[in-house]
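Student: Questions regarding the structure given below will be posed in turn.
There are 2 protein chains.
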Amino acid sequence: MTDQPEPNPDQAAYRAAVVDLLGVLALAELTAFERLAEDAKLAPTLADKAEVAQMAVAEFHHFEQLRRRLAELGIDAEVAMTPFRDALARFHDRTVPNDWYESLVKAYVGDRLAGDFYREIANVLDPVTRDLVVGTVEKGEQAKFIVGRVRAAISEDPRLGGRLALWARRLMGEALTQAQRVVADRDALSALLAGGIDRPSIDLATIGRMFARLTDRHAARMAEVGLDS
Amino acid sequence: MTDQPEPNPDQAAYRAAVVDLLGVLALAELTAFERLAEDAKLAPTLADKAEVAQMAVAEFHHFEQLRRRLAELGIDAEVAMTPFRDALARFHDRTVPNDWYESLVKAYVGDRLAGDFYREIANVLDPVTRDLVVGTVEKGEQAKFIVGRVRAAISEDPRLGGRLALWARRLMGEALTQAQRVVADRDALSALLAGGIDRPSIDLATIGRMFARLTDRHAARMAEVGLDS
C-alpha cells in the first residue's frame, strides 16, 4: 500500500472515516476500562487487584487522548462513540470472564489485537491520527505480567490450558463477529480500512484479508503463551 | 493540639500507626476505584460514564501515591492493606448504589468525608505523611459536577431528594460503623487518632468527638446540596 497518496485530512469522506475510527477506538478504550475495572473483583490478592486496576487506568488514559483529538476536530466524543455502542456492548456481554485467568487472557487478547489492528491501519492515516493511534499501543509491561501469571497457572494445572485456549478462540470469534458488523454498517470507515478513501469502491476482500492476518497473528501469539488456538 | 510534640517517624509505635493509616487509606482508594468504575455502568450517557471513570482513575492515582510511600518505608502495600479488607468490603457491600444518583451521592459523600478526615488528622502526622495525605484530597472539580447533576435532578423530581437524603444518611452510618470497628481493632492507629502516640492512654472520647465533628460537617454539607440529613 506504499504507492497510495497521502490521505488528506480536509477531505470530507476521509474526515468522516477518521471520526468513526477515533469514535470506535475511544469507546473501545472506555469500555475496556469499565470491564477491566469490574474484573478487578476476580483478583486473588490485593496486589493482583492493583495490577488489573493499573491496566484499566491505562485504557482510560488512551480514551482521554482519543477524546482530546476528537475535540480538536470539533467533534463531541459522545456523538462519535454512539454508533458503536451496541457492537461493543454485545462483544463484552458475550465474553464476561468467569474467573481471574479468563479476565487476564481477555485483557491480553484485546490489547494485542488492538496493537495489530493499529499497525494494520497506520499507513492509511494522516500523520497526526497515525501517531495518536500508534501511541496508544500497550508497551508490553502488562503483557509480561499476564503471560507470567497464565504460564505459571497452566504449569500447575494443565487442564486450565485447554479451557483458556477455548476461551481465547471464543474471544477472537466474538471480536471478528462484531468487527464485521461495524464494517457492514459504516461505509466511510470501511472504505478507509479497505485501503484508503480515494479508492473507487469498497474492497471487502481487502478487509477480509486483514481480518485473516489478525487471526493468524492471534493464533501464533496464543501458541507462544502456551495456548493452542 | 498545637502544644503537641512533633511526631517522630523513627519511633516504632508511631511508625506502626502510620503504616496502618497509609494501609487503610490505600485500600480505601483502591476499593473506591473499583466500586466507582463498576458504578460507571449506571451512567445514563457515555459522557457521564467518562466522568465517573475519571473520578475512579483519580482515586487510583491516590492509591499509587500511598503505595509508593509505603514502599519507601519498606512495607509491601498488600501487607499494610490486608487488616482493613473486611471493614472496607462490608462498607461497600452494604452501600451498593441502586442507580446513577445514588452512585454520584456516594462518590461525593466519600470524597468529602475523606477530605474532612485528612484535615482532622493532619496535625498528628509528620510533615512527609501529612503532605501526602492532604495532597490526595479531591480538589473540587468532581464535587462541582456531582452537585450540579444532583441539584438538577432533584428540581425535576423532588421525591428523589427525599430518597437521596436517606441514602446519604445510610452511607454516613455505615462509614461510622466500620470506622469504629477499625478503631477498636487497631491500637496504634487509634492512639494516633486520639491525639498522638506519645499520650499515655488511648483516649476514645477524643476519637468519639472527632466522629461527631465529621458527622456535623457531613450534615451541613448535605443541606448545601439540598439533601436534609
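Protein sequences appear in the order of chains A and B. In this text, residue positions in the first sequence follow our numbering: the first is -14, and each later residue adds one. In this text, residue positions in the second sequence follow our numbering: the first is -14, and each later residue adds one. Where is the CB? At the ideal position from N, CA and C, for every residue including glycine. Owing to the predicted nature of the structure, the values given are computational and were not obtained by experimental measurement.
1) Count the other CB atoms within 10 Å of the CB of Pro143 of chain A; is the residue buried (16 or more) or exposed (fewer)?
2) Determine the burial state of Gln(-4) of chain B: buried for a count of at least 16 other Cβ atoms within 10 Å of its Cβ, exposed for fewer.
3) Quick one: which unbroken alpha helix (DSSP H) runs of 4-plus residues sit fully inside the segment -2 to 80 of chain B? Chain order, please.
4) Quick one: is Leu117 of chain A near chain B, going by C-beta distance under 9 Å?
5) Counting C-beta neighbours from all protein chains within 10 Å, is the total for Asp61 of chain B 16 or more, i.e. buried, or is it exposed?
6) Taking all protein chains shown into account, do 16 or more other C-beta atoms lie within 10 angstroms of the C-beta of Gly95 of chain B, making it buried, or fewer, making it exposed?
7) Assuming Ile192 of chain B contacts Leu178 of chain B under a Cβ cut-off of 8 Å, what Cβ separation, rounded to an integer in Å, is found between them?
8) Is any beta-carbon of chain A found at less than 9 Å from that of Glu57 of chain B?
9) Can you tell me whether Thr(-13) of chain B is buried or exposed? The criterion is at least 16 other CB atoms within 10 Å of its CB, across all chains shown.
10) Looking only at its chain, what residues have a beta carbon closer than 8 Å to the beta carbon of Thr80 of chain B, apart from the 5 residues adjacent to it on each side?
11) Quick test of your reading: Ile131 of chain A and Leu89 of chain A, contact by CB under 8 Å. State the CB separation rounded to the nearest angstrom.
12) Would Phe196 of chain B count as contacting chain A if we go by Cβ distances under 9 Å?
13) Would you say Leu6 of chain B reaches chain A, if we count a Cβ-Cβ gap shorter than 9 Å as a contact?
14) Would you call the CB atoms of Thr121 of chain B and Glu19 of chain B closer than 9 Å?
15) Spell out whether any CB of chain B is found under 9 Å from the CB atom of Lys215 of chain A.
16) Please confirm if Asp71 of chain B has its CB atom under 9 Å from at least one CB of chain A.
17) Cβ of Phe76 of chain A less than 9 Å from any chain B Cβ?
18) Please go through the segment 131 to 183 of chain A and give each complete alpha helix (DSSP H) segment of 4 or more residues, from N-terminal end onward.
19) When you measure from the CB of Glu126 of chain A to every non-hydrogen atom of the ligand NAP, does any distance come out below 8 Å?
20) Take the Cβ of Ser140 of chain A as the centre, count every other Cβ of all protein chains shown within 10 Å, and call the residue buried at 16 or more, exposed below.
Tutor: Reading from the atomic positions:
1) Translated into the one-based positions of the first sequence, residue 143 of chain A becomes position 158. Burial call: exposed.
2) Along the second sequence, one-based indexing puts residue -4 of chain B at 11. Exposed, because fewer than 16 other Cβ atoms sit within 10 Å of the Cβ of Gln(-4) of chain B.
3) Runs of the alpha helix (DSSP H) lying entirely within the segment -2 to 80 of chain B, each at least 4 residues long, are 31 to 57, 62 to 66, 70 to 78 in chain order.
4) Your numbering for residue 117 of chain A matches position 132 in the first sequence. Using a Cβ-Cβ cut-off of 9 Å, Leu117 of chain A does not count as an interface residue toward chain B, since no Cβ of chain B sits closer than that to its own.
5) Within the second sequence, numbered from 1, the residue matching residue 61 of chain B stands at position 76. Counting Cβ neighbours within 10 Å, Asp61 of chain B comes out exposed, since fewer than 16 surround it.
6) Along the second sequence, one-based indexing puts residue 95 of chain B at 110. Per the 10 Å Cβ criterion, buried.
7) The residue labelled residue 192 of chain B in the question sits at position 207 within the second sequence. The residue labelled residue 178 of chain B in the question sits at position 193 within the second sequence. Taking C-beta atoms under 8 Å as the contact rule, Ile192 of chain B and Leu178 of chain B qualify, at a distance of about 5 Å.
8) What you label residue 57 of chain B is simply residue 72 of the second sequence in a count that begins at 1. Not one chain A Cβ lies under 9 Å of Glu57 of chain B.
9) Taking the second sequence and counting its residues from 1, the one referred to as residue -13 of chain B is at position 2. With a pLDDT of 45 at Thr(-13) of chain B, under the threshold of 50, the predicted position of this residue should be treated as unreliable, and no value is reported.
10) As a first step, residue 80 of chain B is located in the second sequence; it is residue number 95 there, counting from the start. Scanning its chain for C-beta atoms nearer than 8 Å, with the 5 sequence neighbours on each side dropped, one finds around Thr80 of chain B the residues Lys91, Arg155, Leu156, Glu159, in chain order.
11) Along the first sequence, one-based indexing puts residue 131 of chain A at 146. Along the first sequence, one-based indexing puts residue 89 of chain A at 104. About 5 Å separates the Cβ atoms of Ile131 of chain A and Leu89 of chain A, confirming a contact at the 8 Å cut-off.
12) Locating residue 196 of chain B in the second sequence gives position 211, counting from the first residue. No, Phe196 of chain B lies away from the interface with chain A (no Cβ there is under 9 Å from its Cβ).
13) As a position in the second sequence, residue 6 of chain B is number 21, starting the count at 1. Leu6 of chain B does not count as touching chain A.
14) One-based indexing of the second sequence puts residue 121 of chain B at position 136. One-based indexing of the second sequence puts residue 19 of chain B at position 34. Taking 9 Å as the Cβ cut-off, Thr121 of chain B and Glu19 of chain B do not qualify as a contacting pair.
15) Summary: the structure shown does not reach residue 215 of chain A, with chain A confined to residues -14 through 214, and so no result is reported for it.
16) The sequence position of residue 71 of chain B within the second sequence is 86, counting from 1. Residue contact with chain A for Asp71 of chain B: absent (no Cβ-Cβ distance below 9 Å to any residue of chain A).
17) Numbered from its first residue, the first sequence carries residue 76 of chain A at position 91. Cβ-Cβ to chain B under 9 Å: no for Phe76 of chain A.
18) Listed in chain order, they are 143 to 170, 172 to 178.
19) Ligands in the displayed structure: none, and consequently the ligand NAP is not present.
20) As a first step, residue 140 of chain A is located in the first sequence; it is residue number 155 there, counting from the start. Counting Cβ neighbours within 10 Å, Ser140 of chain A comes out exposed, since fewer than 16 surround it.
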